[in-house]
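Okay, structure first, notes after.
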């Protein structure tokens with residue numbers, strides 16, 4: 029089953045924009061989203077090699093399918109979610 033891991037931080041302004049845009053996209057596609065605050069869940073950020081936030085990682089089971097870094101528009105997120 030596919031899911032998205034959204035790596036974020038409370039101090040990250042682009043992360044807040046991305047979260048809002050992702051919510052709009054997810055209302056259509058209903059992909060489970062796991063939110064990881066890199067300041068709280070540091071080990072997971074290291075495990076995934078997160079170097080900047082926001083970062084989205086699409087997982088299919090335990091396999092990383094793709095990732096996207098930076099704040100994106102709703103259209104960019106829709107394209108990313110469906111390709």
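Numbering (this note's numbering), first residue to last: 29 to 111.
Think of the CB as a built atom: it goes at the ideal place given N, C-alpha and C, for glycine as much as any other residue.
Practice task
List the endpoints of the continuous beta strand (DSSP E) containing residue 94.
Solution key: 91 to 97
Practice task
Just grab the DSSP bridge partners of residue 30 for me.
Solution key: Answer is 88.
Practice task
Measure the Cβ-Cβ separation of residue 63 and residue 106 and say whether it is below 9 Å.
Solution key: no
Handout entry: Three-way DSSP call (helix, strand, coil) for residue 83 in this model
Key = strand
Handout entry: Residue(s) in a DSSP beta bridge with residue 62
Key = 33
Handout entry: Cα-Cα separation, residue 100 to residue 46
Key = In this model, residue 100 and residue 46 are separated by some 6 Å (Cα to Cα).
Problem - C-alpha gap between residue 53 and residue 79, whole angstroms - result: 25 Å
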